[in-house]
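Have a look at the structure below before the remarks.
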Amino acid sequence: MVREVLEDWLSFLGGRPKQVIFAVSPADKPPPIYQELLAEGLIDELVYVDLRGRSVGETDAEGIRVAIEAAKTDWVLLAKLDTLPYRKGHENWLDEVMQTVQKYNCFGFTGSFPSPDMQSLEPGYSKTQKFSNNFSIFRGTEWIEVIDSYVGKNFDGAVAKNALYTKESLRFANEAAIESFLEKNQRYMLVRWETPEWTVFHVNVWGEQLRQIRDRYLARKDISSFLNTGRPQLIGFHPWDLYYGYPKPPLLERFKIFVGRWRRIIFRNQ
Numbered sequence: 069m070v071r072e073v074l075e076d077w078l079s080f081l082g083g084r085p086k087q088v089i090f091a092v093s094p095a096d097k098p099p100p101i102y103q104e105l106l107a108e109g110l111i112d113e114l115v116y117v118d119l120r121g122r123s124v125g126e127t128d129a130e131g132i133r134v135a136i137e138a139a140k141t142d143w144v145l146l147a148k149l150d151t152l153p154y155r156k157g158h159e160n161w162l163d164e165v166m167q168t169v170q171k172y173n174c175f176g177f178t179g180s181f182p183s184p185d186m187q188s189l190e191p192g193y194s195k196t197q198k199f200s201n202n203f204s205i206f207r208g209t210e211w212i213e214v215i216d217s218y219v220g221k222n223f224d225g226a227v228a229k230n231a232l233y234t235k236e237s238l239r240f241a242n243e244a245a246i247e248s249f250l251e252k253n254q255r256y257m258l259v260r261w262e263t264p265e266w267t268v269f270h271v272n273v274w275g276e277q278l279r280q281i282r283d284r285y286l287a288r289k290d291i292s293s294f295l296n297t298g299r300p301q302l303i304g305f306h307p308w309d310l311y312y313g314y315p316k317p318p319l320l321e322r323f324k325i326f327v328g329r330w331r332r333i334i335f336r337n338q
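The working numbering puts the first residue of the sequence shown at 69, with every later residue one more than the last.
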């Protein structure tokens, strides 16, 4: 699905950007498709992250940094392959977004997730102090400065030392750093309101499931409840509430999960 999702992004952006970089781990045995895309000129550079006995999740924050450091452009678009874009029309959306980012002095542009802190700016746009590694646009140098301050070049900063961001959870350290910076400095990320003609959904699945969900997504099936309309949104308790197309357990199992959750709440409050 690497080729298909990459082509979705190139179409969404209105063409190939000046530079396309992929971060992969050689120890994770990346499939041949990356070298094929590199040979075809659809990818400019592959940057490698050495796992050194760590899991892919533990190296995620490092991989993002390596890719952003390799960028030669002022602005960087960060996207992951389990995040699907779509647009019909809206050819000038990117220019309009960047103009609005500068108009409100936003740190950048983000999306693909619900947030309870959304504040409306003007018709079509809101702002948030949340940040997503799944889809964001920002100045690479500013991002690196923030990460150096909060995470540290050697992951020895305050955020990286926080017990919340150890092992697998270290992949959230970069997001936490940017959000801490935004809150401290009263800066914001711009969010574009979604419509059936323009969306970016983080689906959080891979492989054959990603293929199936992508087919439904491009066909615009059952997307309405997942649209980010720029209003404050509570984050769902379950992954199938949060991620479009995420597999739901059978009804009886979901009922047991629901009952178990409320039992924990009741006993905790006694």
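Even glycine gets a Cβ: it sits at the ideal position worked out from N, Cα and C.
Secondary structure of residue i, DSSP reduced to three states
| i | result |
| --- | --- |
| W143 | strand |
| Y193 | strand |
| K223 | Checking the displayed sequence, the identity of residue 223 turns out to be Phe instead of Lys. Three-state result, F223: coil. |
| S248 | helix |
| R260 | strand |
| Q103 | helix |
| Q187 | strand |
| P307 | helix |
| G275 | helix |
| L232 | helix |
Separation of residue j from residue i, as counted between CA atoms
| i | j | result |
| --- | --- | --- |
| Y233 | A244 | 9 Å |
| Q167 | Y218 | 28 Å |
| E251 | Q197 | 6 Å |
| H270 | F203 | 8 Å |
| I291 | V268 | 11 Å |
| F223 | L105 | 32 Å |
| P153 | D128 | 21 Å |
| M186 | E247 | 14 Å |
| W261 | F199 | 16 Å |
| R120 | K235 | 13 Å |
| W143 | E137 | 12 Å |
| S79 | N230 | 39 Å |
| K86 | A139 | 10 Å |
| S180 | E126 | 22 Å |
| W274 | L286 | 16 Å |
Those residues which DSSP pairs with residue i across a bridge
| i | result |
| --- | --- |
| Y116 | V92 |
| R207 | W143 |
| T267 | Y154 |
Chain C contact for residue i (CB, 9 Å cutoff)
| i | result |
| --- | --- |
| K156 | Going by chain labels, chain C is absent from the structure shown, which holds only one protein chain. |
Same chain, Cβ closer than 8 Å to residue i, neighbours up to 5 away in sequence not counted
| i | result |
| --- | --- |
| R255 | N173, C174, F175, Q197, F249 |
| P99 | V70 |
| Y102 | V70, F90, V92, I111, L114 |
| V297 | Reading the sequence as shown, one finds Thr at residue 297 and not Val. If we look at T297 and ignore the five residues flanking it on each side, its Cβ neighbours are W261, E262. |
| W77 | A147, P153 |
| T178 | T196, K198, F199, S200, F203, S204, I205, M257, L258, V259 |
Own chain partners of residue i with C-beta closer than 7 Å, once the 5 adjacent residues on each side are dropped
| i | result |
| --- | --- |
| E159 | G82 |
| A226 | Y218 |
| V134 | A91, V115, V117 |
| P264 | R288, I291 |
| P94 | Y116 |
| G157 | E265 |
| R279 | M69 |
Residue i: CB within 8 Å of a non-hydrogen atom of the ligand SAH
| i | result |
| --- | --- |
| K235 | The ligand SAH is not part of the structure shown, which contains no ligands of any sort. |
Spatial neighbours of residue i in its chain, beta-carbon cut-off 6 Å, leaving aside the 5 residues before and after
| i | result |
| --- | --- |
| L295 | E262 |
| W161 | none |
Item to check | beta strand (DSSP E) runs wholly inside the region 132-183, at least 3 long, in chain order | outcome: If we require 3 residues or more, the beta strand (DSSP E) runs fully inside the region 132-183 come out as 143-147, 151-155, 176-178.
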